[in-house]
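Comments concern the structure below.
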Amino acid sequence: MAQTSTAETNSELIGSHHGQVSAGDIAVGVIVGRTSEFFDFFVYAIASVIVFPKLVFPTHDPLVGTLYSFAIFALAFIA
C-alpha cells in the first residue's frame, strides 16, 4: 500500500512536537557559539601579526604592514 503525504499532514507532524528546550541545552549552545567566535578572532589576530604583513603588504615597511593588518582586524571586529 502506497502512502501519500501532503503539505498539510507534514506541517501537522512538524508542529506535533511541543517539547521545550532546557536551559542546559541553551547554555551549551551559547558556550559553543561564543567559544568558536573567540577562537576565530584569536586565530585572525595571530595571523594579523605573523602572516598578513608579509603576505598581504609585502611592499610596505614591516611596521606599516602590521598596522594595516591591525586596522583590517579592527574593522572586522567592529563589523
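First residue of the sequence shown: 361, per our numbering; consecutive thereafter.
Here a beta-carbon is modelled for each residue, glycine too, at the ideal position from N, C-alpha and C.
Measuring CA to CA, which of the options is closest to residue i?
| i | options | result |
| --- | --- | --- |
| Phe433 | Thr395, Gly384, Ile386, Val403 | Val403 |
If residue i and residue j are in contact, beta carbons under 8 Å, what's the gap, nearest whole angstrom?
| i | j | result |
| --- | --- | --- |
| Tyr428 | Phe417 | 5 Å |
| Thr454 | Pro413 | Summary: the structure shown does not reach residue 454, with the chain confined to residues 361 through 439, and so no result is reported for it. |
What is the DSSP secondary structure of residue i, reduced to helix, strand or coil?
| i | result |
| --- | --- |
| Ser396 | helix |
| Pro422 | helix |
| Val388 | helix |
| Ala439 | coil |
| Phe430 | helix |
| Val416 | coil |
For chain D, find out if any of its Cβ atoms is closer than 7 Å to the Cβ of residue i; answer yes or no.
| i | result |
| --- | --- |
| Tyr428 | As a matter of chain content, chain D is missing from the structure shown, which is built from one protein chain. |
Could you check the C-alpha separation between residue i and residue j for me, to the nearest Å?
| i | j | result |
| --- | --- | --- |
| Phe430 | Phe398 | 17 Å |
| Asp421 | Val390 | 41 Å |
| Gln380 | Ile386 | 11 Å |
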